[in-house]
Amino acid sequence: MENILRGDKITLGTCYYPEHWDKSLWEDDLKRMLSVGIEVIRIAEFAWSKVEYREGEFNFDFFDEFLELAAKVGMKVIFCTPTATPPAWLTDKYPEVLNARQDGVLFRHGARRHYNYNSKKYLELTAIIVEKIAEHYAKHESIIGWQLDNEFNCEHWEFYSESDSLAFRVFLKNKYETLEKLNEAWGTMFWNQIYTSWDEIYVPRTTSFGNNNPHHLLDYKRFISDSVCRYAKLQSDILKKYIKPGDFITTNSIFGNLDCCRMTEESLDFITYDSYPNFGYCLNDFERMKDELNDRKWSINLTEARAISRIFGIMEQQSGSTGNHIGMEGPAPRPGQITLWTMQSIAHGADYISYFRWRTCTMGSEIYWHGILDYSGRDNRRLKEVGDVYKKLQCMKEVAGARFKAEVGIVKDYDNGWDSELDVWHGRIEWSSRMAWFKALEKSHTPFDFCYLDHISQEELNGYKVLVYPHAVILTEEGVNKLKNYVEQGGILLLGCRAGYKDSTGKCVMAKLPGLVSDLCGTDIPEYSYVAPDDAVPYAIWNGKKLPAAIFNDLLAPVNGGKVEAEYEDAYYAGTPALISKETGKGKTYYFGGAFTEETALSFLEGLGVASPYKDVLTLPACCEISVREKDGIKYIFVLNYSKENIEVTLHNELTNLYTGAIEKGEVTLEGYGTKVYRL
Amino acid sequence: MENILRGDKITLGTCYYPEHWDKSLWEDDLKRMLSVGIEVIRIAEFAWSKVEYREGEFNFDFFDEFLELAAKVGMKVIFCTPTATPPAWLTDKYPEVLNARQDGVLFRHGARRHYNYNSKKYLELTAIIVEKIAEHYAKHESIIGWQLDNEFNCEHWEFYSESDSLAFRVFLKNKYETLEKLNEAWGTMFWNQIYTSWDEIYVPRTTSFGNNNPHHLLDYKRFISDSVCRYAKLQSDILKKYIKPGDFITTNSIFGNLDCCRMTEESLDFITYDSYPNFGYCLNDFERMKDELNDRKWSINLTEARAISRIFGIMEQQSGSTGNHIGMEGPAPRPGQITLWTMQSIAHGADYISYFRWRTCTMGSEIYWHGILDYSGRDNRRLKEVGDVYKKLQCMKEVAGARFKAEVGIVKDYDNGWDSELDVWHGRIEWSSRMAWFKALEKSHTPFDFCYLDHISQEELNGYKVLVYPHAVILTEEGVNKLKNYVEQGGILLLGCRAGYKDSTGKCVMAKLPGLVSDLCGTDIPEYSYVAPDDAVPYAIWNGKKLPAAIFNDLLAPVNGGKVEAEYEDAYYAGTPALISKETGKGKTYYFGGAFTEETALSFLEGLGVASPYKDVLTLPACCEISVREKDGIKYIFVLNYSKENIEVTLHNELTNLYTGAIEKGEVTLEGYGTKVYRL
Amino acid sequence: MENILRGDKITLGTCYYPEHWDKSLWEDDLKRMLSVGIEVIRIAEFAWSKVEYREGEFNFDFFDEFLELAAKVGMKVIFCTPTATPPAWLTDKYPEVLNARQDGVLFRHGARRHYNYNSKKYLELTAIIVEKIAEHYAKHESIIGWQLDNEFNCEHWEFYSESDSLAFRVFLKNKYETLEKLNEAWGTMFWNQIYTSWDEIYVPRTTSFGNNNPHHLLDYKRFISDSVCRYAKLQSDILKKYIKPGDFITTNSIFGNLDCCRMTEESLDFITYDSYPNFGYCLNDFERMKDELNDRKWSINLTEARAISRIFGIMEQQSGSTGNHIGMEGPAPRPGQITLWTMQSIAHGADYISYFRWRTCTMGSEIYWHGILDYSGRDNRRLKEVGDVYKKLQCMKEVAGARFKAEVGIVKDYDNGWDSELDVWHGRIEWSSRMAWFKALEKSHTPFDFCYLDHISQEELNGYKVLVYPHAVILTEEGVNKLKNYVEQGGILLLGCRAGYKDSTGKCVMAKLPGLVSDLCGTDIPEYSYVAPDDAVPYAIWNGKKLPAAIFNDLLAPVNGGKVEAEYEDAYYAGTPALISKETGKGKTYYFGGAFTEETALSFLEGLGVASPYKDVLTLPACCEISVREKDGIKYIFVLNYSKENIEVTLHNELTNLYTGAIEKGEVTLEGYGTKVYRL
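Residue numbers (the working numbering), protein chains in the order written: chain P, 1 to 680; chain Y, 681 to 1360; chain B, 1361 to 2040.
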């Protein structure tokens, strides 16, 4: 694979901004990086004006000089396209390139990511700057790869400019061909919303009470994603004309309203992610956000990144406190946390770790988004810890390229994700169940993957012992066939409430529920309701395990071979089936009538025999995360202690500690924020 | 009276949307309705495009076909004007018809009720569509009545388009004739707000801190109400040219900034109300809203409807869970609740109950606004319960036309209502006392009416034993004369704090307080204050009963024959009179210096001898509501159990249970959500 | 000094609005004022239209008539320029004079302070009206002084009109001369914000996430302040051409984004302040705001006023409940509170007390902003209390002109104040420490001053025994030199965390921290962090006193003669220095690594020997405030009881009670809300 993910070692990098510093600092900076093991830097993602200070006046001297230095000292470079921050001259002259609030107020120059993806002028200017940069720099020996733009859809994942409405019409014409089909898809007969001309259609605008048509909103989210993908491909296609063989193209994601799987397939070699687990400790939001996981919750995002690229990179790995002058106030990483978060990334499949950033910026919005070094650039505790990380990585090169190992897959798809964002009924169950599953899996030390149903291959899917699709609200025949094949081949599929009540337009189906999976599940749903807010959470008992059925209850009935596994014990529908199973081929499907609590999820993990797969290898407290990567039949077990206290781990086998090479067994101590990587 | 309120039975209806369903479903749907007792349907309120798909192209085929079917199967129809949802072609071509946010941003196509009542273009297009529809359909045999538009002022009860400013000037010129009078009325000398030209006047615009002139705001609310009334009358006047004799005109209200009494007098035969008591159990707002009443609070709204039309209809009666994709998440009605809420409506004076809606919509914003049937249309528990309701109604036809019976009237008027919305000092006492009185009356089983002082006849008013006018802030001579006549004729009038300190402009009077009622009350108010937030609620003791004087205290002194009934026991003004009475003619007035708590209200009900008038007939727990309708000297007592638990009621008399015809006496059990109707 | 502050008595005044009342009331009103001791009235601040009803049509009759009456009865007058409320004709014809929301929506006629300071048209119209008024009225015998406008920057302290952007460019050109210097100052290299033309620069506009460049924001705040100062000077310069010798010019401040020191130096004779301590008891915000200080917190603002003018006036002193129809709902002052708040003002250095207002307005937004009299104008309790105040003042004329006495100065400067408003990291420590110091000083009865570092003379500064500069984030060489001179001359300077990490652009310095004060403090800061939200507040022990180091911790190291005074006892940096001292010249500097809690501040006050300087004179409970004014070697001790309970004070010396002339010693009782003024 590409340079930084080629599988023979885990590489360290950092983000560097030569334009922020006096040139006299450059050489010393690069040499100090190399001295602590940093071999790669990312540059230039906000540096449009360093190449095109005025429209059409291109000057390459600045980065020529810097790249020359990089080559001299032996620093490898990831170069970026600079489109995240158009220059002032550009947006002042062409305000049509700006993004807008839904009510039409433009987002002006002065922050970042204020452009839209659909302005013809911006696409034209983008093509020019990318072409100029690629043409000039791509052959440079120091460059090993490229980043497109920076954090597509960060800050804003909705776009309301006039250009967006025009492009939306094109998108819709391509999708529906006729207004009749669009009217049908959006159910515009409701509230007399029928469109009689394409020109009557806009991106969702300010409406009475913001009660916009939900099917319109769902297509709008797809359109936004399509816009980003097209924009990324525009850049990627230009770059590909110029880059050296072996050089890679990536971008740092993951953000809203963006099908990263598609973008990666179309335009990237792999995805990179920007990981800031210390957001879990931000002062301004801690009371609301705090729970027993905090920084450990970033493992969800790393799992997400892995669902896009099995092996991925961290383009920005937290190395200092975060924040800007308007919020996100974070403390400095405590001793050990930089190592912990680095190992968290690697444990989940990252083979490239680039610390954000080398020096803390002394100006602008991110003066508190600390890098490894503080403002003065003096040596400090964090730099020392980066050096220590490097030493650990030297001892664990064999982990590079190893694949994350999981028996449990949580099924996702973008349509349901987006629908759950625009529809509070869907969102309420989706977000609650997602956290419940994550907590149950994490705390029971059960590794898992996310599986994007529209993107994962049947073969990969069939490799999981158990698939959980918490709320498969929108179902397509294609998706159901994939699930059915999985079950027929021996898989165990668990579905939660509300499956199949919508089609891909987001409209409700008139078939008996659960619609397209009724047969696969052997289940009928004669009635359903939210759990009333003055009722306790109903529950069922299944093989002696309690299954709280939170938030929403489908009242089930078995059909077509379905077998009642458990009944509601509570509410006016006590005695009604709450869990029905059905065998199909070599496998089995379970339909559960509620949303999941952590307890429900744990009951299922245990009942389906997939909880805690490494309990025979080692025993460890809930505050530790376990992750396993595997290569050539060898397993690498990451043990990560997120608590500040020392904890005891019991090793039931002899395991090799990769950091030290020592064989360990029995009781071992892991210090606060400590990490271990064992070979099994 | 009109068809559905003709007094010989209570009629069931439902709301049907033929345009939402394949025609193949129509006939079966209508027949199923009839089979469970549903005899009337409302149609077409959002169907403008089904008649005028493009501007000026009228086509009546769709509803012709449907009405033909209705006639065939024997279904009666309430037809609607479709103006609540103008077509996309209309608002796109004529954006001046749109309503706007206060800051000028237009509410665009994509939701509903996005038009304004004052655009000349919209009035013109309204007249055309109403004329066309009336002309074509009004003679159809199946039609028995008409609904104007749908839910005037729902979603928005403020309008800020340019058309509104133009019309506001006309309204003000009619009212004030000269700018001098307007400047005087609005007190524009304050903060130099003097207008020197009519063109300087607008609907309230965005101002510094939103600190708009309150007298301007009050007239603006009157203007909004006037706008709706004019708009309703425009439609009603057209309809009256075409409708068959005996067919009625109504609309479904009640919403903000709208004098429904005036609208009904001018344009309707009676009012209908849309009753959704399950909003009391919405998940998204339950923690804030919950109290011991929940769905029972909807009896306030039913009392409001009755104040407009003594006998009224329910155009939309909740039959499933409510909600849309952006909120209002409701659980399904629990078994018995559909019956309970239906009987709640009837108990309060409704003789027509139309369930919203037949089938749950599968598309658009209201996919969660469930009807009787779910998406599939299969038979279900709720349909069965509707059938059961129908059977009960068959046994209680004699109740139809009976009038709600109350000895206590709560006096209201639109001016004070609106002033309390724009003035937080007024609102704080008004809203708190309103709920306090409602809870005390409900929980003590004391039926009451609302009496709109400007609309109720002197004769009707004088029929009440006790009138409570909690906070008669704005007083007019006309109103005071009405109250005085009431007292002189033997009535007991109770006023709370802050009476008479404003005139009808909303300006404060310079007369000694309580201004126009000082003489009637024998009361002077040398001093007043909010109860300081670090003080306990002061109270007085009156005939051994405690009268907490919440929120605001007038410090009273007797004048002109006033008699001190009780003094404050607390605060720095302990010993100052808190309650003064004065006899006038055959009656008596009480002036109380505070806002009312539930305890205060109950003390007054008991002290004035009007609490619990049926306590000799039956004894029942606080969780039950009692309502009484009377016809030809016979009383019908509705007993409604809002709790989920069974409760015991003790009948001291022999009473006939209308549902069964049985005579009951002594202890009887009412199941959770159970209802009884007794003949006395 | 000027008339009302001439040092021979404390003068009472009130605010009167002849334009609000029928002329028939005027004479009686003025005579009643005089009868209770009110000798001065302020008039005309919102009366533009009384002089220029239509553009260019001037008529002076109204105030001529009123001033004639004032002269007749012997009432002195403060006349105002009327620019706070431009007429409707003005803003309707010239909308460019309006202020706007950041997103461009204009603030329209209908409230007040809706103009901007930079519209050329408004400056032109201002000059005309001020000139006309001054020319006509200035020589009138009754007039003793002038108020400019009314409450500059109240309501809004941000301005976003087009005129403001144009003026901002001029301001920036004057400041930076070249774009290169501006780009450098604003760090526009960050996020590619480089400006290549002055026309690309605007006041801060709507941006993505509101994440505007902080250095741009800081200059914007300076520009706003500059705008107000220029606007005040425009008016003041005109007035000076016309006013009688000895007549003063003032305005009522203090509001945001305004360097009142500069404005006073340039345009005023002294500052006046509008004091409404009862805001501490507003119902609508009490739960959030309440603490043990409430109305006593207004002493911060009085201290602020004193920092601008050693002797100042209260232009609006609360005399009734406050509030408008949209909020700020206040109870009436309780008996004694008018006296208490009056004495609070005098205790802090006010020699003129003008009650707001004579009669409560019956119209407009401020119908609840009560004056001495209620709507009817009848005699009342509050009027009586004003008369009692007057009697007290008759007994304490000798206090007039006495100067507030404090050994402790809290150092402030506008740059740090403004930076703390735009930067949450700065604000979090600044606001917390400010309240901590205030509470510790107040509750330990330690009088203090605020010292504006850029405005106070070196001599005045050196008069303080201890200076506390809680968070000297932005430091300049000039400021540091002033502090150094203070220390060299024997002062004790205490700095809290984060000193010197920014320069005057708001950019971070690359020098080792604490930057410019490193040498003066003998301190180096190798590392720093927010206190993590899951950690307890770290603390140090210093001479047996506990020093909690809240919010943010600098981890210190001694350099250049610094001496470790205390170390952190907690967190991962336990054992690291938390407090370092260094002697310089005759004085000493302390650098403390945290933000201050009340406990920390008290420990320092005690440890530095400046706590409770009057503890040998009298002992009193924490709920009492003590203030001392001194003249000719005589001290006047104000003792103010903010609680509603009687409290005991022990006098260790014989003290003369100025109210009574009696000598008191030993235990004396101060009733609830009671006040005493002793001569020492």
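Ideal placement from N, C-alpha and C gives every residue a C-beta, glycine not left out.
Worksheet item: Counting along the chain, where does the beta strand (DSSP E) carrying I38(P) start and finish?
Response: Element bounds for I38(P): 38-43.
Worksheet item: So what's D1234(Y) in DSSP terms, helix, strand or just coil?
Response: strand
Worksheet item: Who are the near neighbours of T1806(B) in its chain, counting only those whose CB is closer than 7 Å to its CB and skipping five residues on each side?
Response: V1768, L1965, V1970, A1971, S1972, P1973
Worksheet item: Quick one, are the C-beta atoms of C508(P) and T1042(Y) less than 7 Å apart?
Response: yes
Worksheet item: In terms of residue numbering, what span does the beta strand (DSSP E) encompassing G1373(B) cover?
Response: From DSSP, the beta strand (DSSP E) with G1373(B) extends over 1371-1375.
Discussion item. At a CB distance below 7 Å, what residues from the segment 1402-1433 of chain B approach chain Y? Give them in sequence order.
Written reply: F1406, A1407, W1408, S1409, Y1413, R1414
Item to complete: Measuring only between beta-carbons, confirm whether D1863(B) sits less than 7 Å from chain P.
Response: With 7 Å as the cut-off, D1863(B) does not count as an interface residue toward chain P.
Discussion item. Using 8 Å for Cβ pairs, my map puts V40(P) next to I144(P). What's the rounded Cβ distance?
Written reply: With 8 Å as the limit, V40(P) and I144(P) qualify as a contact, their Cβ atoms being about 7 Å apart.
Discussion item. Taking 6 Å as the limit between beta carbons, can you name the residues of its chain near N1572(B), skipping five residues before and five after?
Written reply: P1564
Practice prompt. Use the C-beta contact count for T1349(Y): other C-beta atoms within 10 angstroms, 16 or more gives buried, fewer gives exposed.
Written response: It is exposed - the Cβ of T1349(Y) has fewer than 16 other Cβ atoms within 10 Å.
Discussion item. With a threshold of 7 Å between beta carbons, is E19(P) in contact with chain B?
Written reply: yes
Worksheet item: Does any C-beta atom of chain Y lie closer than 7 Å to the C-beta of Y195(P)?
Response: yes
Worksheet item: Do R1037(Y) and G1057(Y) have their CB atoms nearer than 7 Å?
Response: no
Worksheet item: Would you call V389(P) buried or exposed, if buried means 16 or more other Cβ atoms sit within 10 Å of its Cβ?
Response: By the Cβ neighbour-count rule, V389(P) is buried, with 16 or more other Cβ atoms within 10 Å of its own.
Worksheet item: G790(Y) CB to nearest chain P CB: under 7 Å?
Response: yes
Discussion item. Can you list, in chain order, the residues of its chain with a C-beta nearer than 6 Å to that of E151(P)? Leave out the 5 residues immediately preceding and following it.
Written reply: N252
Worksheet item: By a C-beta neighbour count over all protein chains shown, 10 Å radius and 16 as the cutoff for buried, is Q458(P) buried or exposed?
Response: exposed
Worksheet item: Can I1584(B) and N1617(B) be called in contact, C-beta distance under 7 Å?
Response: Yes, they are a contact pair.
Fill in: is_contact[H325(P), chain B] using C-beta, thresh 7 Å
yes
Practice prompt. Quick one: give me the first and last residue of the beta strand (DSSP E) that C1440(B) is part of.
Written response: 1436-1440
Worksheet item: Touching or not, the segment 1524-1538 of chain B and the segment 1462-1479 of chain B, by the rule of three or more beta carbon pairs under 8 Å?
Response: A contact exists between the segment 1524-1538 of chain B and the segment 1462-1479 of chain B.
Practice prompt. Return no unless some Cβ of chain Y is closer than 7 Å to the Cβ of D1452(B).
Written response: yes
Discussion item. Output needed for I2007(B): all residues of its chain with C-beta closer than 6 Å, excluding positions within five of it in sequence on either side, in chain order.
Written reply: P1981, N2001, L2030
Worksheet entry | Any chain P beta carbon closer than 7 Å to M995(Y) | no
Worksheet entry | R359(P) - DSSP class collapsed to helix/strand/coil | strand
Discussion item. Quick test of your reading: R1062(Y) and I1052(Y), contact by CB under 8 Å. State the CB separation rounded to the nearest angstrom.
Written reply: 5 Å
Item to complete: Just grab the DSSP bridge partners of Y273(P) for me.
Response: S253(P), I314(P)
Fill in: Where V1308(Y) sits in the DSSP three-state scheme
strand
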